[in-house]
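Residue numbers (our numbering): 664 to 733. The beta carbon of each residue, even a glycine, is placed where N, CA and C say it ideally should be. Heads up: the structure comes next, in structure tokens.
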């Protein structure tokens, strides 16, 4: 399921990132990698605030629909 509709406060595994190479590299530099762990803290209007490792990051609707988790 896309990150934008993922349940909140559950640790999820990133299974796919459907973006171009430039965007994937940028996300990797932020710690968002395939097989990585992510926890959705809040979601509103397509924007998602999530926890990656010990940090928090906000993703807009364009990115949050391209990151698939389970």
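Nearest-angstrom beta carbon gap, residue j and residue i [assumed within contact, 8 Å]
i, j, result
"residue 672", "residue 702", "7 Å"
"residue 680", "residue 687", "6 Å"
"residue 711", "residue 692", "Incorrect: roughly 18 Å between the Cβ atoms, too far for contact."
"residue 695", "residue 668", "In fact, because the Cβ distance is near 17 Å, the residues do not count as touching under 8 Å."
"residue 698", "residue 677", "7 Å"
Residues that DSSP places opposite residue i in a beta bridge
i, result
"residue 701", "675"
"residue 715", "718"
"residue 732", "677"
"residue 670", "In the DSSP output, where bridge partners are listed per residue, residue 670 has none listed."
Distance, residue j Cα to residue i Cα
i, j, result
"residue 700", "residue 732", "9 Å"
"residue 684", "residue 704", "27 Å"
Extent of the continuous alpha helix (DSSP H) run through residue i
i, result
"residue 724", "724-727"
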